[in-house]
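Shown next, in structure tokens, is the structure this report addresses.
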Amino acid sequence: MSVSVSVVVAVHNEEGATPQVVQELKSVFDAGVGAGNYELVFVDDKSTDKTPQVLEGLKASVPELRVIRHENNVGKSGGVFTGVLYARGDIVAMMDGDGQNPASDVLNVAQILLRAAPNVGLVAGERRRRQDTASKKWASRWANGIRKSLLKDGSNDTGCGIKAIRRDLFLRLPYFDNMHRYIPALVNREGYDTLFEPVEDRLRTTGSSKYTNWGRLKNALTDLPGVMWLNSRRRLPGRTTEV
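Residue numbers (my numbering): 7 to 249.
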């Protein structure tokens, strides 16, 4: 089956949010893209609650829904990577599975990329009004400021889950745990441009965050030097032709 957009959502213990996320996506994409022109690829990252059963139950009423299950828990980046591997669309739209990302914003970034010039590889959301604690906002601003100054990726909010990327481009990016926070820099590394689009952020009404401020800081201190090294070692061949 050929589709224009694959929506990839990695979930772990989100049984409360999953029905709302799936139904909202279906409603928005049915109206905006058309039934049969998109798919919803949900990757269950070895949830220990009823998320797998909830997803299985939704398939009967949502034919666009595909459910992929991990044998082992590997985190958000691993879930996204699996989803992109299974995706059939040339454009992959990503979002978080906790209900904080409006489906209308996910559709918007996908449509922008569908219309964009070939040199645009990514459309990344940037949250206008984050619904987080003051400490979480402060930690995010601090980490984003350091990353942006060192990587020159132009992104003010790499933690935003809403993104649309060309599938073939994503599969060329170097994979590592927590790479989702560095996608704009890695896209630039491949010679593509990134567009940034303001999106909304809603309050989480069910479940709990899988990350802590300390965990994010630890990952940033570990990953940032590695991404800087990757960027320094990339040599682009420019336009290629077969003779």
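Built from N, CA and C at the ideal position, the CB exists for glycine as well. Quick caveat, the model's predicted, so the values are computed rather than measured.
Problem set entry | With 16 other Cβ atoms within 10 Å as the buried cut-off, status of A123 | Reading the sequence shown from its first residue, position 117 is the one you call residue 123. Its Cβ having fewer than 16 others within 10 Å, A123 is exposed.
Exercise. Which residue's Cα is closest to the Cα of Q106: N194, P69, V86 and T24?
Worked result: Here the question's residue 106 lines up with position 100 in the sequence shown. Of the candidates N194, P69, V86 and T24, the one whose C-alpha sits nearest the C-alpha of Q106 is T24.
For this session: Measuring alpha carbon to alpha carbon, tell me which of L157, G38 and R245 ends up nearest I189.
Result: Here residue 189 refers to the residue found at position 183 of the sequence shown. Minimum Cα distance to I189 is reached at L157.
Problem set entry | Validate contact between the segment 182-198 and the segment 150-165 using beta carbons, cut 8 Å, 3 pairs | Inter-segment contact for the segment 182-198 and the segment 150-165 is present: three or more beta-carbon pairs are separated by less than 8 Å.
Exercise. When you compare each of N150, V90, I171 and M101 to V129 by their alpha carbons, which one comes out closest?
Worked result: Your numbering for residue 129 matches position 123 in the sequence shown. Checking every option, the nearest Cα to that of V129 belongs to I171.
Exercise. What are the residues that DSSP puts in a beta bridge with T200?
Worked result: The residue you call residue 200 lines up with position 194 of the sequence shown. Beta-bridge pairing links T200 to L128.
For this session: Give the single residue among G95, D111 and T212 whose Cα lies nearest to the Cα of S10.
Result: Counting from one through the sequence shown, the residue named residue 10 turns up at place 4. For the residues G95, D111 and T212, the minimum Cα distance to S10 belongs to G95.
For this session: Going by DSSP, name the residue or residues bridged to L179.
Result: To locate residue 179, count along the sequence shown from 1; it is residue 173. Answer is none; L179 lacks a bridge partner.
For this session: Report yes if the C-beta distance between K56 and H76 is below 8 Å; otherwise report no.
Result: Position 50 of the sequence shown, counted from the first residue, corresponds to residue 56. Position 70 of the sequence shown, counted from the first residue, corresponds to residue 76. No. Outside cutoff.
Problem set entry | Nearest-angstrom Cα separation, counted from V14 out to D104 | Within the sequence shown, the letter at position 98 stands for residue 104. Within the sequence shown, the letter at position 8 stands for residue 14. Approximately 13 Å, taken between the alpha carbons.
Exercise. Nearest-angstrom Cα distance between V39 and F48?
Worked result: Numbered from 1 along the sequence shown, position 33 holds the residue referred to as residue 39. Numbered from 1 along the sequence shown, position 42 holds the residue referred to as residue 48. CA-to-CA, the gap between V39 and F48 works out to about 19 Å.
For this session: Let me know the secondary structure DSSP gives K82 once reduced to three states.
Result: Position 76 of the sequence shown, counted from the start, is the residue given in the question as residue 82. K82: helix per DSSP, three-state reduction.
Problem set entry | Reduced DSSP category for K65 - H, G, I as helix; E, B as strand; rest coil | Indexing the sequence shown from 1 puts residue 65 at position 59. The answer is coil: DSSP assigns K65 none of H, G, I, E or B.
Exercise. For M185, which of T164, K154, D174 and T200 has the nearest alpha-carbon?
Worked result: Start at 1 with the first residue of the sequence shown, and residue 185 comes out as number 179. Closest option to M185, Cα to Cα, is T164.
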